[in-house]
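Heads up, the sequence shown is in the UniProt record's numbering, so the first residue is 1 and it goes up one at a time. Comments concern the structure below.
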Amino acid sequence: MNSTVASLPTRSASASASASASASASVDDLQLLEQQKQQLRRQMRRLRRSLSAQQQRHAARSLVRRMAAHPAFISSKHLALYLSNDGEIDTRPLIHRAWAMHKHVYLPVLHPLNAHRMLFQHYTADTPMVRNRFGIEEPRFDVSAQRPAWTLDLICMPLVAFDANGNRLGMGGGFYDRAFAFLHRGYLSTRMVGLAHQGQEVPQLPVASWDIPLQGIMTDGGWCPASGTEGHR
1 MNSTVASLPT RSASASASAS ASASASVDDL QLLEQQKQQL RRQMRRLRRS
51 LSAQQQRHAA RSLVRRMAAH PAFISSKHLA LYLSNDGEID TRPLIHRAWA
101 MHKHVYLPVL HPLNAHRMLF QHYTADTPMV RNRFGIEEPR FDVSAQRPAW
151 TLDLICMPLV AFDANGNRLG MGGGFYDRAF AFLHRGYLST RMVGLAHQGQ
201 EVPQLPVASW DIPLQGIMTD GGWCPASGTE GHR
């Protein structure tokens, strides 16, 4: 009897084994998810970089026309944009349109002391600019010119790919997800919109629990409302 009892795992051992197996499966799932994302990033970045200068100019003009007429853009006084990079749809014409409409524009800046943190800083035609560690132009860090993310009316975000549910695939740094983690806590006043080329839409994106869904995506082809969120109305 003693040998039989000894051969059976205790409740503690069984629980530990179950937890270990669950943790292992979770790690494997995350690794697979990241592999899928990386493969899609390579594919979609090649696609947008293949666009000619003429195609990029046409897409940017179309984006400005459509975005400037959208109610979310019209009603916003403080909005975040970004400077395009790596074949992204050109946002400079949209920034100039926002200025012409007397809006306050903010650009993302990397925190000099926290490698994982991104802030938003007021941007005008006279703002001193520098290149960050990724080689992307951004305003010179100035605490007095920054605005908390949750006080912005509209966030226009870059993306590598998107799907009909408003899921966004970024470059993988997680800066936007961390900057807008407050949305998971019920802050719904800030509108989140992606800007992209029409060809960046995919049928379905792999999604993690920390990913922030968009309320819609504006492309050169038109407005794509997110069917998976309440913000598309």
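All C-beta atoms, glycine included, are put in the ideal place defined by N, C-alpha and C. Note that this is a predicted model, so its numbers are computed, not measured.
CB residue i to CB residue j, shorter than 8 Å?
i: Leu205; j: Phe73; result: no
i: Leu83; j: Thr91; result: yes
i: Gly199; j: Met157; result: no
i: Gly166; j: Gln215; result: yes
i: Ser75; j: Ala164; result: no
i: Leu152; j: Thr190; result: yes
i: Ala145; j: Gln121; result: yes
In the DSSP assignment, find the alpha helix (DSSP H) that holds residue i and state where it starts and stops.
i: Phe73; result: 71 to 75
i: Trp99; result: 92 to 100
i: Leu63; result: 53 to 68
Quick check: the Cα distance between residue i and residue j, rounded to an integer number of angstroms?
i: Phe162; j: Ala196; result: 9 Å
i: Ala179; j: Asp211; result: 11 Å
i: Ser209; j: Tyr176; result: 14 Å
i: Asp28; j: His116; result: 24 Å
i: Ile217; j: Leu40; result: 18 Å
i: Val64; j: Glu34; result: 33 Å
i: Lys77; j: Val130; result: 26 Å
i: Arg168; j: Pro213; result: 6 Å
i: Gln31; j: Val207; result: 13 Å
i: Ser62; j: Pro71; result: 16 Å
i: His111; j: Arg147; result: 13 Å
i: Ser22; j: Phe134; result: Note that Ser22 has pLDDT 47, beneath the 50 cutoff, so the model's placement of it is unreliable and the number below is only indicative. Going from the Cα of Ser22 to the Cα of Phe134 covers about 36 Å.
i: Met67; j: Arg49; result: 22 Å
i: Asn132; j: Ala98; result: 24 Å
i: Leu95; j: Gln36; result: First, the residue type needs correcting, since residue 95 is Ile and not Leu in the sequence shown. Rounded to the nearest angstrom, the two C-alpha atoms are 33 Å apart.
i: Ser18; j: Val202; result: For Ser18, the pLDDT reaches just 47, beneath the cut-off of 50, and the residue's location in the model is therefore unreliable, leaving the point undetermined.
i: Cys224; j: Leu51; result: 21 Å
i: Pro128; j: Leu159; result: 25 Å
i: His138; j: Met192; result: One point to set straight first is that residue 138 is Glu, not His, in the sequence displayed. The straight-line gap from Cα to Cα measures roughly 21 Å.
i: Asp142; j: Gly222; result: 35 Å
i: Met54; j: Ala69; result: Reading off the sequence, residue 54 comes out as Gln, not Met. Approximately 23 Å, taken between the alpha carbons.
For residue i, report the span of its beta strand (DSSP E) as first-last.
i: His78; result: 78 to 80
i: Leu110; result: 104 to 110
i: Ala196; result: 191 to 196
i: Leu113; result: That residue, Leu113, is in no beta strand (DSSP E); it is neither H nor E in DSSP.
i: Thr219; result: 216 to 219
i: Ile155; result: 154 to 157
i: Trp223; result: 222 to 225
i: Arg131; result: 129 to 131
i: Glu137; result: 137 to 139
In this structure, what does DSSP give as the bridge partners for residue i?
i: Arg168; result: Phe162
i: Tyr123; result: Val105
i: Pro148; result: Answer is none; Pro148 lacks a bridge partner.
i: Glu201; result: Phe162
ask   = Taking contact to mean at least 3 C-beta pairs separated by less than 8 Å, is the segment 85 to 93 in contact with the segment 42 to 53?
value = With the cut-off at 8 Å, the segment 85 to 93 and the segment 42 to 53 touch.
Segment contact, 8 Å Cβ cut-off, at least three pairs: the segment 98 to 113 with the segment 56 to 63
The segment 98 to 113 vs the segment 56 to 63: no contact.
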